[in-house]
Amino acid sequence: METQNKWGGAFWAVIFAVVVIGGSSAYSFLHQPKRIAVIPGGETMTGWQSVSSTVTQSSDNSLTGSLSEDLYAKLAENTNYSARERDVIIASLVKERVVSPAIVPNINLVDLNISDTASLDTYSKLLVVILSQASQVKKYEVTVFTQSVMNDNIYGTPALQSTADLYKKIGASLLIMEVPKALATEHLEVVKSVGALARAVENMAKWKGDPIEALSDVDTFNKAKSYTEGSVDTLLLAVMAFQNKT
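Now the structure itself:
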């Protein structure tokens, strides 16, 4: 993905550090600052606090910010509301439409292939193969979506649907792979977050022209992306801790 933190590539790099270089280097890499652009309208949504608590920096949010401004302008063209009234309307509508349970798959520990005998080495190598498939996404999803919105594309975006399908395959592979019992909880969150990311991208792929829906879709994507990055980070820490015990 064309972002500051490519979760698939980041995972591969940290696993490499864990296996080849050592835990201290991996820990340093893992805790490099992340920059995640989030549309301001979504910052007050308590329903997503648990999956979007990653510290952000405001120095590089021009991409999502410009999308928000463009959609805002498009909405303004068709209304007679004041700027303050539009802010209230947008915040209210986005808050109503972005709901955590609607995007996060209902998957539990019993759905995983948990094993008491699975080796960390085998698990880590397979995880690298699966998550590195995300590197097939060559263009940032919000960039593709912005182009669709600016072109008034109301017939869907095949490129985004292909990305969503890829994330679905990654999620399915994670679901059926053998998981060490000690890593089951953290692995489950990765499966759920990738599933949420797939659904968020699919929502953008199916956009039909509603500017408010576009704001909602991007806000949902940002939170699903943050959820995915956070869950992968947590799994990496668990992998390192497990390795130190064995």
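If you read the sequence shown in the working numbering, its first letter stands for residue 766, the second for the next number, and so on. Heads up, the beta-carbon is just placed ideally off N, CA and C, and yes, glycines get one too.
Status (buried if at least 16 other CB within 10 Å, exposed otherwise) for residue i
{"i": "Gly-974", "result": "exposed"}
{"i": "Arg-988", "result": "Note that residue 988 is Lys in the sequence shown, not Arg. Buried, because 16 or more other Cβ atoms sit within 10 Å of the Cβ of Lys-988."}
{"i": "Ile-935", "result": "buried"}
{"i": "Thr-882", "result": "exposed"}
{"i": "Thr-887", "result": "exposed"}
{"i": "Asp-917", "result": "exposed"}
{"i": "Val-1004", "result": "buried"}
{"i": "Asn-968", "result": "buried"}
{"i": "Ser-996", "result": "buried"}
Whole-angstrom C-beta distance between residue j and residue i, which should lie under 8 angstroms
{"i": "Ala-970", "j": "Gln-926", "result": "4 angstroms"}
{"i": "Val-944", "j": "Ile-879", "result": "5 angstroms"}
{"i": "Val-1041", "j": "Ala-979", "result": "No information on residue 1041 is available, as it lies outside the stretch 766 to 1011 that the chain covers here."}
{"i": "Asp-876", "j": "Leu-940", "result": "7 angstroms"}
{"i": "Ala-937", "j": "Ile-868", "result": "Not really, about 17 angstroms apart at Cβ, beyond 8 angstroms."}
Per-residue DSSP class, three states only, for residue i
{"i": "Leu-945", "result": "Looking at the sequence shown, residue 945 is not Leu but Pro. DSSP places Pro-945 in strand when its eight states are reduced to three."}
{"i": "Ser-884", "result": "coil"}
{"i": "Phe-1007", "result": "helix"}
{"i": "Ile-977", "result": "helix"}
{"i": "Asn-968", "result": "helix"}
{"i": "Thr-993", "result": "helix"}
{"i": "Asn-878", "result": "strand"}
{"i": "Asp-917", "result": "coil"}
{"i": "Asn-871", "result": "coil"}
{"i": "Lys-933", "result": "helix"}
{"i": "Lys-988", "result": "helix"}
{"i": "Val-902", "result": "coil"}
{"i": "Thr-720", "result": "Because residue 720 is not part of the residues shown, which for the chain are 766 to 1011, the question remains open."}
Option in the options with minimal Cα separation from residue i
{"i": "Leu-892", "options": "Leu-1001, Val-914, Thr-985", "result": "Leu-1001"}
{"i": "Tyr-734", "options": "Ala-883, Val-907, Val-955", "result": "Outside the modelled stretch of the chain, which goes from 766 to 1011, sits residue 734, for which no answer is possible."}
{"i": "Thr-908", "options": "Ala-899, Ser-900, Thr-922", "result": "Thr-922"}
{"i": "Ser-900", "options": "Thr-985, Thr-928, Ala-949", "result": "Thr-928"}
{"i": "Glu-906", "options": "Lys-990, Ser-996, Leu-939, Lys-957", "result": "Lys-990"}
{"i": "Asn-871", "options": "Asp-998, Leu-953, Val-966, Gln-898", "result": "Leu-953"}
{"i": "Tyr-932", "options": "Asp-984, Ile-977, Glu-951, Ser-897", "result": "Ser-897"}
{"i": "Glu-994", "options": "Asp-982, Lys-957, Ser-981", "result": "Lys-957"}
{"i": "Ala-1006", "options": "Ala-963, Leu-948, Ser-981, Asn-968", "result": "Leu-948"}
Closer than 9 angstroms to chain B by CB, residue i
{"i": "Thr-882", "result": "Although the question refers to chain B, the structure presented lacks it and comprises just one protein chain."}
Residue i beta carbon near the ligand NAD (any heavy atom closer than 8 angstroms)
{"i": "Met-942", "result": "Questions concerning the ligand NAD fall outside what the structure shown contains, since it holds no ligand whatsoever."}
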